[in-house]
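So the protein lines, in turn, are chains A and B. The opening position of the first sequence corresponds to residue 1 in our numbering, with each subsequent residue numbered one higher. The opening position of the second sequence corresponds to residue 1 in our numbering, with each subsequent residue numbered one higher. The structure appears right after this line, and notes come after that.
Protein chains: 2
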Amino acid sequence: MSHKYVYLFSEGDATMRNLLGGKGANLAEMTNLGLPVPQGFTVTTEACTKYYEDGRVIAQEIVSQIYDAMSELEKITGKKFGDVDNPFLVSVRSGARASMPGMMDTVLNLGLNDDTVEGLARLTDNQRFAYDSYRRFIQMFSDVVMEIDKSNFDEIMDKVKEENGVTEDSQLTAENFKEIVKGFKDLYRSIKGEDFPQDPKAQLLASVEAVFRSWDNPRAIVYRRMNDIPGDWGTAVNVQAMVFGNMGEDCGTGVAFTRNPATGENKLYGEYLINAQGEDVVAGIRTPEPIDKLKEVMPEIYHDFAQIAEKLEKHYKDMQDMEFTIEKGKLYMLQTRSGKRTAAAALKVAVDLVGEGLINKKEALLLVDPRQLDALLHPTFEPVALKAATPIGRGLPASPGAATGHIYFTAEAAAEAAKAGQKVILVRQETSPEDIEGMYAAEGILTSRGGMTSHAAVVARGIGTCCVAGCADALISESAKNMIIGGKTYNEGDFISLDGSTGNIYGGELPTEEPTLTGDFATLMKWADEHRRLAIRTNADTPRDAQQALEFGAEGIGLCRTEHMFFEEDRIPAIREMIVARSEDERRKALAKLLPLQKSDFKGIYEVMGDRAVTIRLLDPPLHEFLPHADSDIRALATDMGLTFEELKSTIDGLQEMNPMLGHRGLRLAITYPEIAEMQTRAIMEAAVEVRQEKGFNILPEIMIPLVGEVKELKYVKDVVVKTAEAVLEEKGVKIDYEVGTMIEVPRAALLADEIAKEAEFFSFGTNDLTQMTFGFSRDDASKFLDDYYEKQIFDSDPFARVDQKGVGKLMKMAVELGKSTRPDIKLGICGEHGGDPSSIEFCHSIGLDYVSCSPYRVPIARLAAAQAQIKED
Amino acid sequence: MSHKYVYLFSEGDATMRNLLGGKGANLAEMTNLGLPVPQGFTVTTEACTKYYEDGRVIAQEIVSQIYDAMSELEKITGKKFGDVDNPFLVSVRSGARASMPGMMDTVLNLGLNDDTVEGLARLTDNQRFAYDSYRRFIQMFSDVVMEIDKSNFDEIMDKVKEENGVTEDSQLTAENFKEIVKGFKDLYRSIKGEDFPQDPKAQLLASVEAVFRSWDNPRAIVYRRMNDIPGDWGTAVNVQAMVFGNMGEDCGTGVAFTRNPATGENKLYGEYLINAQGEDVVAGIRTPEPIDKLKEVMPEIYHDFAQIAEKLEKHYKDMQDMEFTIEKGKLYMLQTRSGKRTAAAALKVAVDLVGEGLINKKEALLLVDPRQLDALLHPTFEPVALKAATPIGRGLPASPGAATGHIYFTAEAAAEAAKAGQKVILVRQETSPEDIEGMYAAEGILTSRGGMTSHAAVVARGIGTCCVAGCADALISESAKNMIIGGKTYNEGDFISLDGSTGNIYGGELPTEEPTLTGDFATLMKWADEHRRLAIRTNADTPRDAQQALEFGAEGIGLCRTEHMFFEEDRIPAIREMIVARSEDERRKALAKLLPLQKSDFKGIYEVMGDRAVTIRLLDPPLHEFLPHADSDIRALATDMGLTFEELKSTIDGLQEMNPMLGHRGLRLAITYPEIAEMQTRAIMEAAVEVRQEKGFNILPEIMIPLVGEVKELKYVKDVVVKTAEAVLEEKGVKIDYEVGTMIEVPRAALLADEIAKEAEFFSFGTNDLTQMTFGFSRDDASKFLDDYYEKQIFDSDPFARVDQKGVGKLMKMAVELGKSTRPDIKLGICGEHGGDPSSIEFCHSIGLDYVSCSPYRVPIARLAAAQAQIKED
């Protein structure tokens, strides 16, 4: 008995989604529920996978099973495929596990040819209908199966209309359509060099193959990557008996949602067209009527449909998105699926369904996609204005939200204009740590280089500012203070608008709306907190970030990057003095100037965080990041510092590295200059003591030593930290608990985590660096070739956005197991960018981490994702 | 019963080297053999380790055991420690497992104080001897235990001599020595602020602790790193009853080898001094006599000593290095150990001992340190000239050998001068691939930047050229064509000399000697080949390298880097054309020009290698390495290429990367530009077919795809390679076997080696990159901080020189196991720099690799190391 690749609708059910795809499984389920579904069959996703394995050939056994299923359908319908007298016509549709725009959609009326069209005309006594159907089939088949551009056909239609002096399709006669069919077939022949296929079986196989092929088209690949859909799932194909909504005024077709997908309101929402096929609704040739109106026009049909809708929603326990057709006064269901909805609607539907007793809280939590929440936390464009606007370019959607403002090309100019009260957009080829002030001041940030984890993207997400990064369309000249994009030049001060959620860039000013966090949001978050095991912390470097994160529900700080504080105007000189110091003494003098500044930074953060844990990472970036690189800047700084240009230039040159990512940074700095770690520890501890004394908070500093690869490295720096911390406590005569831990971000640290755990009281996975080193990818450079990786289907997703569970994840699992073998109660967290990614959060949950830490604006997402991870595990 | 930390000589033996150190174990062994050894005891290496663990304190139980052992010795000798009438005096010496210069050496005459010195005088009836002994003790104790500079004491001696009008120590009287003792004690008090310690027990404990402490001094640390000695071994301390060679003319002291350590000749070799203590022989104050002369002066003593020497050599089955003292006509043995010897002597001794039937071949193979062989394969300086020369500077000994020549500061100038018949030394701040031609032309290479694995070092070792790298003393100006070093300026054309084995740089011309590979060398290599399991291949990019490697015994090529061929004058234009191509078409045109050149390169190599396997790696470095970076060079090239400066500059800028090591290189290039892999595969296969047809060789190309991290990457490129290879074989109508494999150099590839092995027929470990990514160290930049790591004892050795077995090695083991789980017969090798390092070779043997591949000049070393690995395992 050969493997089963084809299932009649009556043989499947909703649980078989992986095999039958979403559409096929739901058609089978509706069949089982006794709903009026035109019968058909599904060619499985396995058949698609096999098609690719076999080198893009549909195996003979699959072909046979398709023909067998066709015979079954013929028996059911009493019609025959290709029969001139009673022709059986079908639709062919793709249907993957997850809904996937970008793939081949639909071929209707398949089975028509020069003979059967006449049969159909006789049978329906409607020549016009038959030839209209045939021309539609030729056009769809040519377009989606044979990839002939649709506009070729439209031209022929237009010409016939013109010749006959009509403007609407509905005004065309049967004779007109015959002429059009002839024109379409001629066109087909002239382009493909052969006649339009007359054999219905050939039409069917070609269409099935076209669906399989479309799994692999570039748009589908991009969509999969954006939506975490594996490339090896494949798609199913649904072949279904045709019903016709275009056979007269007692016919029609429509789509509807069981609730309003924009607001979540519990009221049937949709539209329909009388005497039309499905594509007409989508194509926008005629304006459909709201579904309410059907109640008046076809009250029985409406009643039936409303009942079915209710039945389906109760059955699936979720808002449904349905397609139906009315053929000669009879209702047919063509599809049902979970309806796509806005974030606000998602929250309302989930909370309402619980209120209605249809689902419980856990089910409600699973109904909302955590990634959607982002949209609720950031400004958006006013929808009407957005709809009317055309993008002038597109970059990576690096940090969500909408922003509109005057463009400035340097951080200084942006900061100044913002101080003067302007809304500004910072436009840079790429940002660097020196631009921080301007980035804080801006409503939005646009860069022409860098990927989703570039400096601009990371900082922007951290501070919740809208950012479009790596827009290769934009030619940005910082010196000329202009940007050429879409053929137009924008000068300093001109308005542009950025959509950080889509990556779109608009010319001019687009009005924005502030987000409103509804009661449903708070309710769902509360439920999430009741169900999650993972704690949620935030990456925050300033009291402002910390405050924002607390409002979003953060339970502590998982990563406070001390270096970000160093770039501010009042401290960068001392940092630079420290770097160019010629002796330990000089260095200590410069550090002494930094101590009070760092201490006050930490006090500010402690005061916001109160009794919550605060993990502070010691200095991480290579020192050259704090120095200028352009000769003119070096000259100016040298003058400021009382050095010659040559002295400073030679210091800076000496700090240059071939591969700074693998260079003198992290705890390597503390090994060379232990006095830096001393100063930072002193600031951390003195601040903790003072805030405790002043505010009574029970501060628990967690001092994090970055970039460890060898336990002796950690021990050396930890000794410095502990000695300094104890000295501070001794001086102050206070007892405060503190912990010293490390980041697991170098592969060797993961491999030897049992040794590292001897010295580390906690691990925090730095998955940005761990991903870089495990793959050997520089995240600053990888965008150059990663597009080729997606295109050639080597990668499904960006390993910097989503934890690579197979490789990086294997190291993480090893580190968790080894770490616990030495120190069973070791505290485990993650503070890389992945800490805010739902699928990565689920992975962190599964390997037993205690918390994830993410940027403030990701905290709600993380709360929900953590709850979902726990619920899925239950 | 407490742990035993102290062993009497009579309680130990030679097998207890790890516990007692080399010296202690051999003193015990000689005691067991019944040889005349002054009795004593050894404080174990464990006591030293405990000393550090306890925070640099000698535990009370160890102190007690030392005192107990002293009591035992007092019983044996009938003397008492600190006894005024019959004082017991001892020496204190360090003794680690391996001989280790840089540690505290010796304190003699310990136990003397203001009282016992008088007792010694009475007992020996020799005031002069007693006070001479006392002043020696004060001086040695102050120097090595209390770290008071010896020159302070020398000044006092000189003053007394001057006052008394004498020039030699031997002319000083007892009174003079008393005065000197007084002066020494005053000096001690003035520097240390306390009296010279009079309590013998305090003297003893201070000396023991000084030995422990000296384990950790900077010179010892450096020595350990250079010699692969782990930092946690610790040292033992030997306390031994004094015998005196300086009590009169029937006394003496000496050192001797059982064979000549320079040549290996089987004849007692050494020297002695009458009426002297050991330090006098070393200090060079008097000129010692050759040991032969002792035969005439003290024939019985000589006879006894010669017999003991023979007995020891037979007992230890190796050439011995012995110390002895004659006290009043009686011979005492103070030490025996394996004698250090030159490479030539090592070979002769090993081969002779087999001939004499004393050892078998396996034992002989273990007697030679593989690292020593290097010296035999390269030119050396004529010894007399070398002894007379003073270095003007010192860099890293990056590639062994001696070279002398005229200096040139650009590769072009060096190549030109060499063509004109000059011997040249290429002097550069650092080299880059563009300098290859000049490097080939040079006798030696000197750089002021870069470490042991810098470009200059790697290439120089590969081609067997002497190289001193990273000489920070040298201020090199390539534009001014001069170098300032040791305060002197050397201009283009001036002579300098380089010793690549020591890193020393000499001004002027030093005569060199060519190496002669003696019959012993060939004999030992033959034995090595009989005993090793690992195959030895070579890294060779040219027929010249391949030929050299074959002469040294290579069995195949493990790494042929195709890119090295691209830098030659006749092909770099085509490469550059390929890089700046704007379309696949243009790129293919440029590649078509390269095809015949690559093919002829491969033919040249195949013709040399005959039937041996040749592993060819596809293009690896990032493309920007092939383009100039200075504006002037870009301008010139743009003109050559018919581009504008801006066009070329923008192409080059576009190729720049933040971290090129983690950038667009390796197979990532082949994924973006499969046509490059196609061209290279075609060249590899066409060359194989043609050489087979022309020469009848059975060529087995192994095509190696670098930098894989994900099996889908490998599959994509492998498909291109296989398709091309099959096409070539089809065209030519020939059947040739070939294999496609990959390098394991990205951590993820090691973690997922089971998947990778599905597509790879062989793995070659690229441990340079694997080390970089596992540690997160850029080898170009790590030298900036690795010195701090050695100094702070975080690392014992350079992970780029010796495989880090714990971390990188763990990944290698995983990769081997996972790879074999998928493909049990997978071929496994290593082609990183570590392939020529003996300890790394032993590791590769232990984890089951099939071969190691190293630079041609390392092949003999690898052959011996591989044999040793097998023998140690047997």
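Note that the Cβ used here is the ideal one computed from N, Cα and C, for glycine as well.
Length of the line joining the Cα atoms of residue i and residue j
i        : j        : result
GLY357/A : LYS340/A : 22 Å
LEU377/B : THR644/B : 50 Å
MET322/B : ILE66/B  : 27 Å
LEU786/A : GLN793/A : 10 Å
ILE756/A : ALA592/B : 53 Å
ASP529/B : ARG863/B : 7 Å
PHE495/A : THR512/A : 14 Å
GLU53/B  : ARG224/A : 57 Å
HIS906/A : ASP874/A : There is simply no residue 906/A to check, as chain A begins at 1 and stops at 874 in what is shown.
LEU35/A  : ASP13/A  : 13 Å
TYR790/B : VAL243/B : 40 Å
ARG136/B : LYS161/B : 16 Å
ALA941/B : LEU662/B : Here chain B comprises residues numbered 1 to 874, so residue 941/B is not present and cannot be evaluated.
MET893/B : GLN277/B : A query on residue 893/B cannot be resolved here, the shown segment of chain B reaching from 1 to 874 and no further.
DSSP three-state assignment for residue i, whether helix, strand or coil
i        : result
GLY709/A : coil
GLY519/B : helix
HIS531/B : helix
MET525/A : helix
GLU363/A : helix
ASP769/A : helix
THR31/A  : helix
GLN680/B : helix
LEU268/B : coil
MET565/A : helix
GLN548/A : helix
Check: residue i C-beta below 7 Å from any heavy atom of the ligand SAM
i        : result
THR167/B : Absence of the ligand SAM from the depicted structure is noted, as is the absence of any ligand whatsoever, leaving it without description.
Beta-carbon contacts of residue i that lie in its chain and below 7 Å, excluding the five residues immediately before and after
i        : result
ILE684/A : PHE602, ILE616, PRO701, ILE703
ILE579/A : LEU623, PHE626, LEU627
Cβ shell of residue i (< 8 Å), same chain only, five flanking positions each side left out
i        : result
ASP850/B : LEU534, ALA535, LYS827, LEU828, GLY829
Reference residue i; option with closest CA among the options
i        : options                                : result
LYS820/A : LYS758/A, ASP520/A, PHE795/A, TYR716/A : LYS758/A
LEU386/B : ASP318/B, ILE505/B, VAL351/B, ALA753/B : ILE505/B
PRO660/A : SER214/A, VAL580/A, ASP620/A           : ASP620/A
SER600/A : VAL722/A, MET525/A, VAL691/A           : VAL691/A
PHE129/B : ASP154/B, VAL92/B, LYS150/B, GLN171/B  : GLN171/B
PRO706/A : ILE308/A, ALA546/A, VAL43/A, TYR716/A  : TYR716/A
Cβ shell of residue i (< 6 Å), same chain only, five flanking positions each side left out
i        : result
TYR134/B : LEU112, VAL117, VAL181
Worksheet item: Can you list, in chain order, the stretches of the beta strand (DSSP E) that have 3 or more residues and sit fully within the segment 149-221 of chain B?
Response: none
Worksheet item: Which runs of the alpha helix (DSSP H) fall wholly inside the segment 381-421 of chain A and span at least 4 residues, in chain order?
Response: 383-388, 411-419
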